[in-house]
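Note that numbering that gives the first Met the number 0 has the sequence shown beginning at 0, numbered continuously upward. C-beta: ideal position from N, C-alpha, C; glycine also.
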Amino acid sequence: MPMRFPVTILLLAMTLCGCRGSGSISRDFDEWLFESIGGTVFTTPGRVSHKEILLGAGSLIGRDVIIEGTIVDQSRHSTHLTLSDDSARILVVLTDLAARQPHWDKDLPPGPSLSKPIRILGTVQTGRKGLPYVSARSFRFANDRS
Numbered sequence: 000m001p002m003r004f005p006v007t008i009l010l011l012a013m014t015l016c017g018c019r020g021s022g023s024i025s026r027d028f029d030e031w032l033f034e035s036i037g038g039t040v041f042t043t044p045g046r047v048s049h050k051e052i053l054l055g056a057g058s059l060i061g062r063d064v065i066i067e068g069t070i071v072d073q074s075r076h077s078t079h080l081t082l083s084d085d086s087a088r089i090l091v092v093l094t095d096l097a098a099r100q101p102h103w104d105k106d107l108p109p110g111p112s113l114s115k116p117i118r119i120l121g122t123v124q125t126g127r128k129g130l131p132y133v134s135a136r137s138f139r140f141a142n143d144r145s
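Below, the structure is given as structure tokens:
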């Protein structure tokens, strides 16, 4: 009977780590935690304005950030959206988020202009012409308190 507990822990650890790098487990946990409570444990993404991303893109490329704003425009197939705050607008690519959560867009209210503020955890990337965008990994509505 006492041998079952260590064997169970070992099987659970092997299941969680199977075919995955150790970094992806912490990354997945941070994404889940961001959706649940709005914070992360393993990474420390900086909360930045859209203007800071557009003007200081060179120093932010590849870094995890948290951005907040309202959705101005959303693509028909939910592959990207335009997020606006009081300083600027920025493109948010949703393909990583859609691959991880196929029905994530069911939580978004319909309509071209959404006044509900949304908080997005993502990575700053550059496009073909050097313009920065955010590749979203997780999202949370800014007014949600759990």
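- Counted as a single uninterrupted DSSP element, the alpha helix (DSSP H) harbouring residue 53 occupies residues 49 to 54.
- The beta carbon of residue 32 lies closer than 7 Å to those of 38, 39 and 40 in the same chain, with the five residues before and after it left out.
- From the listed residues 135, 52 and 29, the smallest Cα separation to residue 94 is found for 135.
- With contacts defined as CB atoms closer than 8 Å, residue 122 and residue 131 fail to qualify as a contacting pair.
- In the structure shown, residue 91 adopts extended strand secondary structure according to DSSP, grouped into three states.
- In this structure, the beta-carbon distance from residue 52 to residue 82 does not fall below 8 Å.
- Counting only runs of 3 or more residues that sit fully inside the segment 62 to 86, the beta strand (DSSP E) segments are 63 to 73 and 79 to 83, in chain order.
- The Cβ atoms of residue 86 and residue 58 lie no closer than 8 Å to each other.
- For residue 116, same chain residues with a beta-carbon under 8 Å away, outside a window of 5 residues either side, are 67, 68, 69, 140, 141 and 142 in chain order.
- Excluding sequence positions up to five before and after residue 74, its CB lies within less than 7 Å of the CB of 80, all in the same chain and listed in chain order.
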